[in-house]
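Colleague: Numbering (this note's numbering), first residue to last: 24 to 588.
1) Anyone know if the C-beta pair for residue 66 and residue 117 falls short of 8 Å?
2) From the DSSP output, read off the bridge partner residues of residue 399.
3) Assuming contact is defined by CB atoms lying nearer than 8 Å, are residue 14 and residue 24 in contact in what I supplied?
4) For residue 211, is the classification buried or exposed, using 16 other Cβ atoms within 10 angstroms of its Cβ as the cut-off for buried?
5) Let me know the alpha helix (DSSP H) ranges lying completely inside the stretch 478-511, each 4 residues or longer, listed in chain order.
6) Of all the beta strand (DSSP E) runs that stay within the bounds of the stretch 131-200, which reach a length of 3 or more residues?
7) What is the rounded straight-line gap between the Cα of residue 232 and the Cα of residue 278?
8) Mind checking who residue 100 pairs with in its DSSP beta bridge?
9) What are the residues that DSSP puts in a beta bridge with residue 462?
10) Please state the DSSP three-state secondary structure of residue 58.
11) Identify whether residue 344 lies in helix, strand or coil by the three-state DSSP scheme.
12) Taking the straight line between their C-alpha atoms, what separation do you get for residue 444 and residue 395?
13) For the structure I just gave you, are there three or more beta carbon pairs, one from the stretch 242-259 and one from the stretch 33-42, closer than 8 Å?
14) Have a look at 156, 138 and 230 and flag the residue whose alpha-carbon is nearest the alpha-carbon of residue 178.
15) If you run the structure through DSSP and keep just helix, strand and coil, what is residue 214?
16) For the pair the stretch 48-66 and the stretch 136-152, tell me if three or more CB-CB distances fall below 8 Å.
17) Please look up how many angstroms separate the CB atoms of residue 310 and residue 50, rounded, as I've assumed it's under 8 Å.
18) Could you compute how far the alpha carbon of residue 543 sits from the alpha carbon of residue 476?
19) Exposed or buried, which one is residue 79 when buried takes at least 16 other CB atoms within 10 Å?
20) Provide the residue(s) that pair with residue 538 in DSSP beta bridges, ordered along the chain.
21) Relative to the alpha-carbon of residue 509, which residue among 284, 160 and 301 has its alpha-carbon at the smallest distance?
22) Measure the C-alpha to C-alpha separation of residue 33 and residue 45 and round it to an integer number of angstroms.
23) Kindly indicate which three-state DSSP category residue 242 falls into: helix, strand or coil?
24) Enumerate in chain order the residues of its own chain whose CB-to-CB distance from residue 62 is below 8 Å, with the five nearest sequence positions on each side excluded.
25) By how many angstroms is the C-alpha of residue 272 removed from the C-alpha of residue 580?
26) Is DSSP giving residue 469 helix, strand or coil here?
27) Quick check on the burial criterion: 16 or more other C-beta atoms within 10 angstroms. Buried or exposed for residue 374?
28) At the level of alpha carbons, what is the spacing between residue 469 and residue 522?
29) Return the first residue and the last residue of the beta strand (DSSP E) that residue 72 is part of.
30) Using DSSP with H/G/I as helix, E/B as strand and the rest coil, what is residue 352?
31) Helix, strand or coil for residue 111, going by three-state DSSP, please let me know.
32) Within the same chain, show all residues whose beta-carbon is closer than 8 Å to that of residue 144, passing over the 5 residues directly before and after it, in chain order.
33) Taking Cβ positions, are residue 248 and residue 235 nearer each other than 8 Å?
34) Could you please give the first and the last residue of the uninterrupted alpha helix (DSSP H) stretch that includes residue 547?
35) CB residue 539 to CB residue 425, shorter than 8 Å?
36) Please confirm whether residue 382 and residue 416 have their CB atoms less than 8 Å apart.
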């Protein structure tokens, strides 16, 4: 009962991370637009259609190469393009085609935007079009850069100051910075506040993984940690719903930010994890938390911290008997992940899978609003398809194995990317279904790699392995928006890149060892042998020892580290 309450309270706030990660798909949308004009309009002409206002023309606008002809009250006739305007020298008859002389001017009178879908976006607020379009395209990448930095900073702070304090700070930070974004006064302050919002959102997600993992028992830990992703997906669905209901960007941002306000008001009730308290030798505080857990769970004889520490210490000491002292205190670094060809190949493959999973996840998510049809429904379905994907991932990885689940879903992602290229563009429903299938398959791979990476590496470099993989994941999330922008070069370019990366990752995964049912390795020698390569890593040949308590600690460490980074 206690663990369930803590778990659902913590993962509820994970929805806000999904909300803020994908909020820009509607907040930074660029509607149809043309140059403004000096004066009052008397008539508007678009091909053979005439109207009294430009707003009546937008439903007919089909291409950025189109232009609108307007006649002002003073008789001047202007041709309005997206990034320029032309004044006709001879203003006799209002006609769409004109072969005479024209004077070209810049858009010094601003722009006119189509507000039929969105009353206001950050693009229309600060005219982020034409020569300022690149500023709009930096909104999502700078946010993802904040995600990368926040994961590193708050992950380290959580180890130093505790999970509870970081949970408090990042939860409050998401609410405060989320509301502050809506009241920014210019583009640059908007980007800075969003960057800070990204840092605290990423920090919460990282620490929430660790927090729930340290409270949930071993039997439920895989399912519990995987389904934190599911609540993130629910946040994506909330973005679609709020985007459909609210069409002014700053009101939209406020509604998104207050969606998880209940957690902010009660997060101070969450306790510190006993594992962190024990690591800091705060035994009395740890005992208080354990006693509280016992009362909630109606346990009459709660665990005694003194007895637990005594058993673990005895097993750890006996496990080190006979080891070389210098090897036990040896510092390990990133180069240990390349100590021989077997481990180096494994590291490159794992990094590629992390990168591909993140790239594919955000390419499918960010591209969903450009698939045609109802963009709000598209994003909602792209988020909803993740919910069953993590259930299937959990079942498959325990029944078929980690590698045997990862390979087919990576290759399936690549095949779906190719299939989408051959679907006619007017088959909107089929395209949306194919993209949902692509998001489903890449989601399985993306969720599985956390645990699989931790199992592939020994205890001495497990944290390094998962931490470096997580960094590659963040790099993929930074690259993803730029990949989506390549649609302007070729509409299928993002899918082609994701498909190539997924296929390459799937092929290389064949060479990885299966870890299902195998004990965790403690040394690089054991990890190398798991890959059927007897080549050893010099200077790292300390034998493996494992008592009952040590094995339990490592089982915990495996999954905690796999989410902590």
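Note that CB positions come from ideal geometry on N, CA and C, so glycine has one too.
The structure presented is a predicted model; accordingly, all values stated were derived computationally and were not measured.
Modeller: To lay it out plainly:
1) yes
2) Answer by DSSP bridge pairing: none, since residue 399 is not bridged.
3) For residue 14 there is no data in the structure shown, the boundaries of the chain being 24 and 588.
4) exposed
5) The qualifying runs are 482-508.
6) Segments of the beta strand (DSSP E) lying fully in the stretch 131-200: 134-136.
7) CA-CA distance, residue 232 to residue 278, rounds to 25 Å.
8) 94
9) Under the DSSP definition of a beta bridge, residue 462 lacks any partner.
10) strand
11) In this prediction, residue 344 has a pLDDT of 48, which is less than 50 and means its spatial position is unreliable; what the coordinates show is noted afterwards. Reduced to three states, the DSSP call for residue 344 is coil.
12) 15 Å
13) yes
14) Nearest C-alpha to residue 178: 230.
15) helix
16) yes
17) Actually they do not touch by this definition, with Cβ atoms about 48 Å apart.
18) 12 Å
19) Exposed, by the Cβ-count rule.
20) Beta-bridge pairing links residue 538 to no other residue.
21) 160
22) 20 Å
23) Residue 242 falls in the helix class under three-state DSSP.
24) These residues qualify, in order along the chain: 95, 96, 97 and 99.
25) Note that residue 580 has pLDDT 41, beneath the 50 cutoff, so the model's placement of it is unreliable and the number below is only indicative. Residue 580 and residue 272: Cα-Cα distance of roughly 43 Å.
26) Helix.
27) The C-beta of residue 374 has 16 or more other C-beta atoms within 10 Å across all chains shown, which makes the residue buried.
28) 15 Å
29) Its beta strand (DSSP E) spans residues 72-74.
30) Residue placement at residue 352 is poorly supported in this model, since its pLDDT is 47, which falls under 50; the coordinates are not used for a value here.
31) Of the three classes helix, strand and coil, the one that applies to residue 111 here is strand, per DSSP.
32) 49, 50, 51, 52, 53, 54 and 272
33) yes
34) 547-553
35) yes
36) no
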